[in-house]
Amino acid sequence: EVQLLESGGGLVQPGGSLRLSCAASGFTFSSFVMNWVRQAPGKGLEWVSTIGSGGSTYYADSVKGRFSISRDNSKNTLYLQMNSLRAEDTAIYYCAKDIEEALAPDNWGQGTLVTVSS
Amino acid sequence: DIVMTQTPLSSPVTLGQPASISCRSSQSLVHSDGNTYLSWLHQRPGQPPRLLIYEISNRFSGVPDRFSGSGAGTDFTLKISRVEAEDVGVYYCMQTAQTSRTFGQGTKLEIK
Chain A
241 EVQLLESGGG LVQPGGSLRL SCAASGFTFS SFVMNWVRQA PGKGLEWVST
291 IGSGGSTYYA DSVKGRFSIS RDNSKNTLYL QMNSLRAEDT AIYYCAKDIE
341 EALAPDNWGQ GTLVTVSS
Chain B
13 DIVMTQTPLS SPVTLGQPAS ISCRSSQSLV HSDGNTYLSW LHQRPGQPPR
63 LLIYEISNRF SGVPDRFSGS GAGTDFTLKI SRVEAEDVGV YYCMQTAQTS
113 RTFGQGTKLE IK
């Protein structure tokens, strides 16, 4: 059974940093495209970042230059390093894996809440 | 970035009746590999999203056959043949044709 477990969320001041982790199990982590998607309170879904199985990375304009996605295939873990955090980054952050045969997120974690506030 | 526009934003439906949600993209979602990367996801309150449909019309594993997807190019539709109580929540279309992925605003399905 595929499991994705996010951690690392919490309260941080504007301008601060956080690193989110997503521990993956139940599939060959190194072979799959992985994503971070966020959802601000009461709002819709916003794609944040994607990392390919080969390590190529992609970012939404809203986080480019501030966030960095990475993966450690030896630990089956996905990361999101978030710097220069702003109030508008407040959201639940979900990690999701793509389906093997297509570009679509088929399994999602339960999410971790990031709150940026003074 | 490709803008995804869903209509309606809210849809009250009667149990057992059909429902339909439209999604329009600002650019064609046909990828250079020939596939069209348009997906539909469903999110119940307090839950993460779950994948329903990928590549316009492919139902994901375990998704009931009352859900169907159709369309081409820039216009797509999700249909529920007979709405059940468990179908309430918000439905999102999502494009992955470009490396910068985008979601629609979401359509809230509620029971009359």
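Respectively, the protein sequence lines represent chains A and B. If you want our numbering, it's the 1-based position in the first sequence plus 240. If you want our numbering, it's the 1-based position in the second sequence plus 12. The beta-carbon is built from N, C-alpha and C at its ideal position, and this holds for glycine as well.
Start-end ranges of the beta strand (DSSP E) lying completely within the segment 63-109 of chain B, minimum 3 residues: 79-84, 87-92 and 101-107
Any beta-carbon of chain A closer than 8 Å to the one on B:G28? The residue given as residue 28 of chain B occupies position 16 in the second sequence. False, the Cβ-Cβ gap to chain A never drops below 8 Å.
Could you have a look at A:F267 and say whether DSSP puts it in helix, strand or coil? As a first step, residue 267 of chain A must be located in the first sequence, where it is residue number 27. Note: A:F267 maps to coil in three-state DSSP.
Taking the alpha-carbon positions, what's the A:E328 to A:N316 distance? In the first sequence, counting from the first residue as 1, residue 328 of chain A sits at position 88. In the first sequence, counting from the first residue as 1, residue 316 of chain A sits at position 76. Here the alpha carbon of A:E328 sits roughly 29 Å from the alpha carbon of A:N316.
For A:A342, return the contacting residues in chain B, with the cut-off set at a CB-CB distance below 9 Å. As a working mapping, residue 342 of chain A is identified with position 102 in the first sequence. Per Cβ cutoff of 9 Å: N47, Y49, S51, Y66, E67, N70 and T108.
Pull up the DSSP beta-bridge partners for A:L320, would you. Start at 1 with the first residue of the first sequence, and residue 320 of chain A comes out as number 80. DSSP lists A:L260 and A:I309 as partners of A:L320.
Drop a sphere of 10 angstroms on the beta-carbon of A:S289, count the other beta-carbons inside from all chains shown, and report buried for 16 or more, exposed for fewer. As a position in the first sequence, residue 289 of chain A is number 49, starting the count at 1. Answer is buried; the Cβ neighbour count reaches 16.
What span of residues does the beta strand (DSSP E) with B:L53 cover, start to end? Taking the first residue of the second sequence as position 1, residue 53 of chain B is located at position 41. For B:L53, the enclosing beta strand (DSSP E) stretches over residues L50 to Q55.
Going along chain A, which residues have a C-beta under 8 Å from B:P104? Taking the first residue of the second sequence as 1, we reach residue 104 of chain B at position 92. Note on residue identity: the sequence assigns Tyr, not Pro, to residue 104 of chain B. Here the neighbours are G284 and L285.
Going by DSSP, name the residue or residues bridged to A:N275. Residue numbering aside, residue 275 of chain A sits at position 35 when the first sequence is read from its first letter. DSSP lists A:T290 and A:A336 as partners of A:N275.
C-alpha distance - B:M106 paired with B:F115, whole-angstrom precision: Taking the first residue of the second sequence as position 1, residue 106 of chain B is located at position 94. Taking the first residue of the second sequence as position 1, residue 115 of chain B is located at position 103. If I take the Cα positions, the gap works out to 4 Å.
Report the rounded CA-to-CA distance for A:V277 versus A:Q321, giving the unit in angstroms. Counted from its first residue, the first sequence places residue 277 of chain A at position 37. Counted from its first residue, the first sequence places residue 321 of chain A at position 81. C-alpha separation (whole angstroms): 14 Å.
At least one CB of chain B closer than 8 Å to the CB of A:I339: is that the case? Here residue 339 of chain A is taken as the residue at index 99 of the first sequence, counted from 1. So yes, A:I339 belongs to the interface.
Please list, in chain order, the residues of the segment 324-335 of chain A that have any C-beta partner in chain B closer than 8 Å. Along the segment 324-335 of chain A, going in chain order, the ones with a CB nearer than 8 Å to a CB of chain B are Y334.
How long is the line joining the alpha carbons of B:T17 and B:S37, rounded to whole angstroms? Counting from 1 along the second sequence, the entry for residue 17 of chain B is found at position 5. Counting from 1 along the second sequence, the entry for residue 37 of chain B is found at position 25. Computed Cα separation, rounded: 6 Å.
Please report the residue range of the beta strand (DSSP E) in which B:S38 lies. As a first step, residue 38 of chain B must be located in the second sequence, where it is residue number 26. If you look at B:S38, you'll find it isn't in any beta strand (DSSP E); DSSP assigns it neither H nor E.
Taking the alpha carbon of B:D45 as the point to measure from, which residue in B:Y104, B:A31, B:S112 and B:E67 has its own alpha carbon closest? As a working note, residue 45 of chain B is residue 33 in the second sequence. Nearest option by C-alpha distance: B:E67.
Within chain B, partners of A:A197 - CB distance below 7 Å: Here chain A comprises residues numbered 241 to 358, so residue 197 of chain A is not present and cannot be evaluated.
Members of the segment 346-357 of chain A that neighbour chain B once the beta carbon cut-off is set at 7 Å: D346, W348, G349, Q350 and G351
Near the ligand GDP: B:C35 beta-carbon under 7 Å from a heavy atom: For the ligand GDP, the structure offers nothing, since it holds no ligand at all.
What residues are listed by DSSP as bridge partners for B:P30? Stepping through the second sequence from its first residue, residue 30 of chain B is reached at position 18. Per DSSP, none; premise fails for B:P30.
Is any beta-carbon of chain B found at less than 8 Å from that of A:T317? Here residue 317 of chain A is taken as the residue at index 77 of the first sequence, counted from 1. Closer than 8 Å: no.
DSSP has A:A331 in a bridge; who is on the other side? Against the first sequence, residue 331 of chain A aligns to sequence position 91. Paired residues: A:V354.
C-beta neighbour in chain B for A:T290, strict 8 Å: Position 50 of the first sequence holds residue 290 of chain A. Yes - at least one Cβ of chain B is within 8 Å of the one on A:T290.
Would you give the residue range spanned by the beta strand (DSSP E) that B:S14 belongs to? Looking up residue 14 of chain B in the second sequence gives position 2. It is worth fixing the name first, because residue 14 of chain B is Ile in this sequence and not Ser. No beta strand (DSSP E) contains B:I14, which DSSP labels as neither H nor E.
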